[in-house]
Amino acid sequence: MYTRYFSRLLSAMAGPRPVVLSGPSGAGKSTLLKKLMKEYDGVFGFSVSHTTRLPRPGEEDGKDYHYVTREAMQAQIDGGEFIENAEFSGNMYGTSRAAVQAVQANNLICILDIDMQGVKNIKRTDLNPIYVSIQPPSMAILEKRLRDRKTESEENLQRRLRAAQVDMEISKELGLFDVVIVNDNLEDAYGKLRDALLVEIGKVKKANMSS
Ligand code: ADP
Ligand code: 5GP
97 MYTRYFSRLL SAMAGPRPVV LSGPSGAGKS TLLKKLMKEY DGVFGFSVSH TTRLPRPGEE
157 DGKDYHYVTR EAMQAQIDGG EFIENAEFSG NMYGTSRAAV QAVQANNLIC ILDIDMQGVK
217 NIKRTDLNPI YVSIQPPSMA ILEKRLRDRK TESEENLQRR LRAAQVDMEI SKELGLFDVV
277 IVNDNLEDAY GKLRDALLVE IGKVKKANMS S
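Per the working numbering, numbering of the sequence shown is gapless, rising by one per residue and ending at 307.
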C-alpha cells in the first residue's frame, strides 16, 4: 500500500508524462504535433533531436533538429550524451538528454518524434512516456503522401517505404503502444490524439494556474 502511495507521489512530483509519437515516415506525425503545439501553446515542448540528414526547405537548425555531422554525433554518443539513437534511412538520429531536460525543466509535456528502434530503446529507460503510434490508412496512401511532400529522392522514398512496412507490422504488437491512431481524416486523427493526452494536458494547465 505504501509502495503504491509513494510511487504515485513521486510521479505527481515528477511533472507531466512525456509523449512518444512514432509511426512510418509520412504517416503525419509532424502535422499532428504542430496542430497540438498550436492549440496548446505553453503546454507542450518538442524534444529537438540530432540528425545527420540535411535540413529540408523550411526546417530550422535548433528547432526541427540539431543538424550535425556523423563524426560530431558519434563523439557525443560515445560521451554518453544521448538517451537513445538509431540509424534510419541512411542517417543517424538521436535524442539527447539535454533535449528532454530542456523541456522538462519548464514543466511542459515533452514530445519525442522517434522511429521504432527509438521506441524500443526508450522502453529500457525510466522516462515513462505515453506511447502513441500514428499509422497511415494504407501503404498506397502513405506512398502518395510521401511523394506529394516532395522531400525525398526516389531512393530515399523507397527506403522509407520499406521501413514503413516493417513499422506497420511491429506496431500491431500488443502492449508496444498505449494508443494506435490511424491518420485517415486529419481532424479525426487529431481529435483522438488530443483525447489521449487530455489528462496530461490538464496537469500542466493546473500547474500553470497555480503558479
Ligand atoms: P511524418 O512527420 O510522419 O513524416 P508529415 O506530417 O510530414 O509526416 O505528413 C506527410 C505528408 O502528408 C505531409 O505533406 C502532410 O501535409 C500530409 N498529411 C498528413 N496528414 C494527412 C491527412 N490526414 N490527410 C492528407 N494528407 C496528410
Ligand atoms: P525525418 O527524416 O522524416 O525527419 O525522420 C525520419 C524518422 O526518424 C522518423 O520516423 C522520425 O520519427 C525518426 N526520428 C526523428 N528523430 C529521432 C530520434 O531522435 N531518434 C530516433 N530513434 N528516431 C528519430
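Where a beta carbon is used, it is the ideal one built from N, C-alpha and C, also for glycine.
Predicted model only: the values in this text are computed from it and were never measured.
Alpha helix (DSSP H) segment containing residue i, residue limits
i           : result
residue 124 : Where residue 124 is concerned, there is no enclosing alpha helix (DSSP H), given that its DSSP letter is neither H nor E.
residue 214 : 212-218
residue 196 : 193-200
residue 238 : 235-245
residue 174 : 166-174
Helix, strand or coil at residue i according to DSSP, with G and I counted as helix
i           : result
residue 154 : coil
residue 252 : helix
residue 208 : strand
Extent of the continuous beta strand (DSSP E) to which residue i belongs
i           : result
residue 60  : Look at the range of the chain in this structure, 97 to 307, and you will see that residue 60 is not part of it.
residue 223 : Here residue 223 belongs to no beta strand (DSSP E), and DSSP marks it neither H nor E.
residue 116 : 115-118
residue 141 : 140-142
Option nearest residue i by Cα separation, candidates the options
i           : options               : result
residue 177 : 123, 195 and 281      : 195
residue 260 : 271, 285, 275 and 241 : 241
residue 141 : 197, 290 and 264      : 197
residue 163 : 139, 137, 136 and 191 : 191
residue 288 : 231, 154, 263 and 301 : 231
residue 275 : 299, 293 and 181      : 293
residue 139 : 154, 114 and 268      : 114
residue 239 : 253, 226 and 127      : 253
residue 301 : 122, 118 and 135      : 135
residue 283 : 112, 132, 120 and 117 : 132
residue 207 : 272, 188, 264 and 129 : 129
residue 193 : 179, 221 and 184      : 179
**Request:** With a floor of 3 residues, list each beta strand (DSSP E) that falls wholly inside the stretch 254-303, ordered by position along the chain.
**Result:** 275-278
**Request:** Taking 8 Å as the threshold, find out whether the stretch 199-216 comes into contact with the stretch 156-174 through three or more Cβ pairs.
**Result:** no
**Request:** Specify whether the stretch 230-240 and the stretch 145-163 touch according to this definition: at least 3 beta carbon pairs, one from each stretch, less than 8 Å apart.
**Result:** no
**the stretch 244-253 touching the stretch 194-205, judged by at least three CB pairs closer than 8 Å** = no
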